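Residue numbers (my numbering): 186 to 666.
Glycine included, C-beta positions come from ideal geometry on N, C-alpha and C.
Predicted, not measured: the structure shown is a model, and the values here were computed from it.
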Ligand SMILES: Cc1cc2nc3c(=O)[nH]c(=O)nc-3n(C[C@H](O)[C@H](O)[C@H](O)COP(=O)(O)OP(=O)(O)OC[C@H]3O[C@@H](n4cnc5c(N)ncnc54)[C@H](O)[C@@H]3O)c2cc1C
């Protein structure tokens, strides 16, 4: 179905971007064979680092004519394999397109290229007293283009929402090479279907994003953090509901279970406060005025104690706050320390259903014989279930992993949830999409894909299985599309 990248293609791509920006040697391309998804690689035939929108127009026009597959890539930090070239072809990297084009104070908007590192954007706007809230934990390595294509979230989603709530305009190159300008610096815009939102979370399958306009907020001036240990998950979850019911919206409400805290202790080689607590909440309150934030803190502290908290530790300065957050920030590293191979699930349920989800995951892990550790975003119901290989034999791990994933998805859906809250479908969850959405919705999405990309050259092998299939067998972490 697809044309292989031949000498003529390499010559044409070098004419477009300059030969220094075309990689064909195995060693040079090694970094582009994977993202951060474990056990998933794909070999590109060529890597092209585009420097401008016009270059991307020319690359896609050529690839479309010759039916060469193209996999867009930004920071390569994805956790569902979206940037992995599972059918070969061209990896189209936007890493060189990393300029912040304009910070517009009058409109409170910023215009950026897709290769801007998210943390760099945060620092640039914060230097002007402005605020871009979405904060994926990978923010110092991932890019805004990847965040938009994945619809990335982060701990601050409780109060501020996710990437989708900040994108007002996009410039997109279609697989045919045609250029779309969608939205703009607009607060209101209802002209026709909302194609801006359609592009968000489209995982590089509909078009390549070349410019992004984002809404900004005033930078909060006051901030207080609370660390709250509990003897039971239910008490922690009830506290979250009580805080929200009181109409106090913290910036973040993160949770950690005892096992994840213990993993952090193992990595850090020291004890963390209340490490034997069954569950811990980390709550951050922010606002423009110190008195308001302190009033919220007093009320949240009372609610925590009313709902059975063992204690409430408060940090109002940076050093103490860093100590409270230390273990939470190290979780992913700590889990890698426990087991270098660790498959992270990303299920999301209504907030109040976090306790039955976590108890169910624990039961599934014990029944199937795989270590399952949970942490995540209690304030928005997004739970990261980590399925650790530890010392299991590879084949045994893969078999149990797929059994556990199927059971966790069944449980999540039965609790009114969804199979991914922020990491996307990509390669690793595509076998489960029909189970999650139903055949009618998947068929409609396929027709949208056909309309944008009739020859399916853009990011093939992602989101959809090639044929209808039973839930993903172990080997679907590989190549089928
Ligand atoms: C340690 C760690 C912590 C993480 N924490 C979070 C978190 O808190 N929240 C969260 O949401 N995610 C998190 N992630 C996942 C990941 O960082 C996000 O999905 C992020 O948005 C990926 O951005 P990226 O620039 O690395 O994109 P890539 O991995 O390069 O690409 C992601 C997808 O976007 C597509 N794409 C890239 N650029 C473009 C473009 N210009 N046009 C069209 N499509 C494009 C790719 O084809 C791919 O499908 C984490 C990952 C790690 C490793």
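Remark: the shortest separation between the CB of residue 393 and any heavy atom of ligand 1 falls under 6 Å.
The beta carbon of residue 481 sits closer than 6 Å to those of 433, 470, all from its chain and outside the five residues before and after it, given in chain order. Taking one beta carbon from each stretch, the region 296-303 and the region 325-344 have 3 or more pairs nearer than 8 Å; the two touch.
If you draw a 10 Å sphere on the C-beta of residue 376, you find fewer than 16 other C-beta atoms in it, and that means exposed. Contact annotation: the region 597-613 touches the region 333-350, with at least three C-beta pairs closer than 8 Å.
Per DSSP, the beta-bridge partners of residue 258 are 278. In this chain, the beta strand (DSSP E) harbouring residue 357 covers 352-358. Take residue 284, set aside five residues on each side of it, and the residues of its chain with a beta-carbon closer than 8 Å to its own are 297, 298, 301, in chain order. Residue environment analysis places residue 286 among the exposed positions, since fewer than 16 neighbouring C-beta atoms fall within 10 angstroms of its C-beta. Judged by the Cβ position, residue 338 qualifies as a neighbour of ligand 1 at the 6 Å threshold, a heavy atom of the ligand being closer than this. Relative to residue 638, the option among 360, 257, 202, 308 whose CA is nearest is 360.
Straight-line measurement puts the Cα of residue 206 at about 12 Å from the Cα of residue 237. With at least 16 other beta carbons inside 10 angstroms of its own, residue 524 counts as buried.
For residue 459, the CB contacts under 6 Å within the same chain, skipping 5 residues up- and downstream, are 414 in chain order. For residue 220, the three-state secondary structure derived from DSSP is coil. Remark: C-beta atoms of residue 342 and residue 565 approach each other more closely than 7 Å. In this structure residue 575 is exposed. Its beta-carbon is surrounded by fewer than 16 other beta-carbon atoms within 10 angstroms. Residue 229 sits close to residue 217, with the two beta carbons spaced by under 7 Å. Fewer than three beta-carbon pairs drawn from the region 345-353 and the region 218-226 are found closer than 8 Å, and the two stretches are therefore not classed as touching. CA-CA distance, residue 522 to residue 204, rounds to 40 Å. Taken in chain order, the whole beta strand (DSSP E) runs of length 3 or more contained in the region 467-536 are 498-500, 527-529. Closest in alpha carbon position to residue 473, among 409, 452, 208, is 409.
Excluding residues up to 5 positions away in sequence, 233, 234, 235, 236, 240 lie with their Cβ nearer than 7 Å to the Cβ of residue 202 in the same chain. Counting along the chain, no alpha helix (DSSP H) covers residue 538, and no H or E run does either. Residues of the same chain with a CB within less than 6 Å of the CB of residue 644, apart from the 5 flanking positions on each side, are 256, 389, 390 in chain order.
Distances between the C-beta of residue 564 and the heavy atoms of ligand 1 are all 6 Å or more. Check the Cα spacing between residue 529 and each of 539, 537, 567: the tightest is with 567. Separation of residue 511 and residue 505 (C-alpha to C-alpha, rounded to the nearest whole angstrom) is 10 Å. Taking every protein chain shown into account, the CB of residue 258 has 16 or more other CB atoms within 10 angstroms, so this residue is buried. If the five residues before and after residue 293 are omitted, its C-beta is found closer than 6 Å to the C-beta atoms of 401, all from its own chain and listed in chain order. At a cut-off of 6 Å, the beta-carbon of residue 266 does not count as near ligand 1: no heavy atom of the ligand is closer than that.
Annotation: the continuous beta strand (DSSP E) that includes residue 415 extends over 407-415.
Between residue 334 and the set 383, 378, 449, the nearest pair of CA atoms involves 383. According to DSSP, residue pairing for residue 394 in a beta bridge involves 357. Following the DSSP letters along the chain, one finds residue 556 inside the beta strand (DSSP E) bounded by residues 556-562.
Of the other Cβ atoms in all chains shown, fewer than 16 fall within 10 Å of the Cβ of residue 629; this residue is therefore exposed.
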